[in-house]
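Chemist: Numbering (the UniProt record's numbering), first residue to last: 1 to 477.
C-beta atoms are modelled at their ideal positions from N, C-alpha and C, and glycine is treated no differently.
Submitted below is the structure of interest, expressed as structure tokens.
Next comes the structure, spelled out in structure tokens:
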């Protein structure tokens with residue numbers, strides 16, 4: 001695989017020919033790991049979801065993209081739209097890197113409906129000659145016809161005193177007639193935090209209100225991708241703390257995606273009201289940079305990047321990397337989230353599972369009681385995914401697949417259970433899976449890259465106590 005220099009990563013897009021882009025797009029389309037119903041890049045790298053907005057009866061979403069390779073190079077946004085959060089279509093390129101504020105990339109940001117127009121707030125990245133960075137928070141209007149108007153002046157010119165240039169990923173919100181933005185930040189003493197800004201208008205001027213009090217003074221050395229979701233009368237803070245101490249909350253991946261459920265937020269004091277404990281958003285192998293869309297009537301949905309920073313994947317050999325989770329409808333029960341996959345329109349005909357070939361574009365439904373101790377194997381003679389059901393939980397073991405990723409962080413992940421009757425849905429899509437346990441009370445997702453997807457079957461004991469049914473799923477590409 002190609003080794004990328006810094007100069008190559010940040011070369012302008014006009015360095016590449018249309019022929020090269022066409023070649024890369026064909027590689028992705030023809031890949032044996034090309035996905036059927038999960039969002040994926042047309043070429044190159046897909047990472048953070050951005051600009052997730054409900055507007056004019058549809059959902060808009062952008063994906064952060066380096067089109068020319070499976071690396072974190074010069075980033076831009078590519079635009080998508082959906083009427084149901086399931087069937088998506090590409091609608092062209094969005095924000096592009098350019099002088100003077102985003103020469104080395106358009107980084108993460110969010111969207112907000114303002115009548116029929118969409119306002120975007122995002123981070124522009126500039127790298128200095130000595131390897132440093134300049135982070136600037138920028139704004140743009142998107143007209144109903146999709147025409148983009150970038151603001152000529154920054155919304156926030158730089159980080160405040162006492163903070164480093166690791167200052168990014170704004171989420172813009174409108175609450176009670178005032179606008180707020182929360183941003184991931186790093187103090188000069190290398191402690192991660194979330195900063196709150198406010199304004200009377202989306203275009204500003206924006207003022208620093210101060211750090212958000214969410215029950216923890218510091219969580220690691222940097223917080224990325226903070227999002228507030230307003231769900232079922234509660235406030236949910238979703239964020240990515242880098243360098244989080246395992247004694248605060250255990251996690252398995254290089255960096256976690258976490259959440260806290262609170263009763264409310266007091267904007268005057270910048271404080272979550274009665275925050276609950278810290279939880280993993282997804283206990284699987286690949287979940288990061290989740291972004292929320294807040295909708296009318298206390299509804300919210302979420303999409304996450306099924307990838308991780310500083311991680312390589314088997315598809316890198318084909319010059320592409322990354323995909324997104326299914327859109328998930330959010331609900332709050334106590335101080336925990338339930339995440340329900342948006343898939344009803346994509347569920348096809350029922351398929352046999354006993355002594356039958358399992359299509360890797362399908363969903364398997366499991367039901368069992370506590371007291372079961374059983375392992376089911378989905379695979380062929382060469383490669384397998386193993387699912388273990390017992391009193392402690394459901395465990396997915398991907399060690400039997402030829403190519404996975406980040407194996408240094410373990411090859412198994414588990415969803416814990418309590419006593420009672422249980423169910424789970426396993427969504428398979430060629431090179432990714434998502435497991436939703438007990439109607440989304442637990443979620444475990446990941447990538448896997450089988451070299452041979454033929455003749456996969458479901459193997460279970462003759463006296464099995466786990467009931468299994470299956471359905472084919474439809475493709476959106």
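(1) Helix, strand or coil for residue 19? Go by DSSP, reduced to three states.
(2) Can the beta-carbon of residue 538 be found less than 9 Å from the beta-carbon of residue 192?
(3) Taking the beta strand (DSSP E) that residue 291 belongs to, which residues open and close that run?
(4) Would the stretch 303-323 count as touching the stretch 395-411 if we require 3 or more Cβ pairs under 8 Å?
(5) Quick one: Cα of residue 61 to Cα of residue 137, how far?
(6) Assuming residue 85 and residue 63 form a contact by the criterion Cβ under 8 Å, report the distance between their Cβ atoms to the nearest whole angstrom.
(7) Identify whether residue 6 lies in helix, strand or coil by the three-state DSSP scheme.
(8) Measuring CA to CA, which of 142, 159, 324 and 43 is closest to residue 70?
(9) What span of residues does the beta strand (DSSP E) with residue 435 cover, start to end?
(10) Report yes if the CB atom of residue 41 is closer than 9 Å to the CB atom of residue 74, and no otherwise.
(11) Alpha carbons only, please: which of 48, 248, 271 and 83 is nearest the one belonging to residue 55?
(12) Which residues share a DSSP beta bridge with residue 77?
(13) Tell me residue 352's beta-bridge partners as DSSP assigns them.
(14) Can you list, in chain order, the stretches of the beta strand (DSSP E) that have 3 or more residues and sit fully within the UniProt domain "Glycosyl hydrolase family 32 C-terminal" (375-458)?
(15) With 16 other CB atoms within 10 Å as the buried threshold, where does residue 298 fall?
(16) Counting Cβ pairs, one atom from each stretch, are 3 or more of them under 8 Å apart for the stretch 414-421 and the stretch 266-282?
(17) Using the Cβ count rule (16 or more neighbours within 10 Å means buried), how would you classify residue 427?
(18) Where does residue 26 fall in DSSP's three states?
(19) Anyone know if the C-beta pair for residue 449 and residue 372 falls short of 9 Å?
(20) Indicate whether residue 90 and residue 475 have their beta-carbon atoms separated by less than 9 Å.
(21) Starting from the Cα of residue 93, find the closest Cα among 110, 53, 147 and 125 and give me that residue.
(22) Once DSSP output is grouped into helix, strand and coil, what is the label at residue 14?
(23) Counting pairs of Cβ atoms below 8 Å between the stretch 180-194 and the stretch 245-255, do you hit three or more?
Modeler: Quick look at the numbers:
(1) Residue state, collapsed to three classes: helix.
(2) The first residue shown for the chain is 1 and the last is 477, placing residue 538 beyond what the model contains.
(3) Counting along the chain, the beta strand (DSSP E) containing residue 291 begins and ends at 288-295.
(4) In short, these stretches touch, since the Cβ pair count reaches three.
(5) Using only the alpha carbons, I get a separation of about 19 Å.
(6) In fact, because the Cβ distance is near 15 Å, the residues do not count as touching under 8 Å.
(7) When secondary structure is reduced to three states using DSSP, residue 6 falls in the helix class.
(8) Here the closest residue by C-alpha is 43.
(9) For residue 435, the uninterrupted beta strand (DSSP E) segment begins and ends at 432-437.
(10) No; because the gap between Cβ atoms is not below 9 Å, this pair is not in contact.
(11) The shortest C-alpha separation from residue 55 is found at 83.
(12) DSSP, once it has assigned bridges, lists 64 as partnering residue 77.
(13) Answer by DSSP bridge pairing: none, since residue 352 is not bridged.
(14) Here the runs fully enclosed are 384-390, 393-397, 412-416, 421-429, 432-437 and 442-447.
(15) So residue 298 ends up on the exposed side.
(16) The stretch 414-421 is not in contact with the stretch 266-282.
(17) That one is buried.
(18) Assigned with DSSP and collapsed to three states, residue 26 falls in helix.
(19) One thing to note: residue 449 has its Cβ no nearer than 9 Å to the Cβ of residue 372.
(20) In this structure, residue 475 does not lie closer than 9 Å to residue 90 by Cβ.
(21) It is 147.
(22) Looking at residue 14 - three-state DSSP - the assignment turns out to be helix.
(23) The count of Cβ pairs closer than 8 Å, one atom from the stretch 180-194 and one from the stretch 245-255, stays below three, leaving the stretches out of contact.
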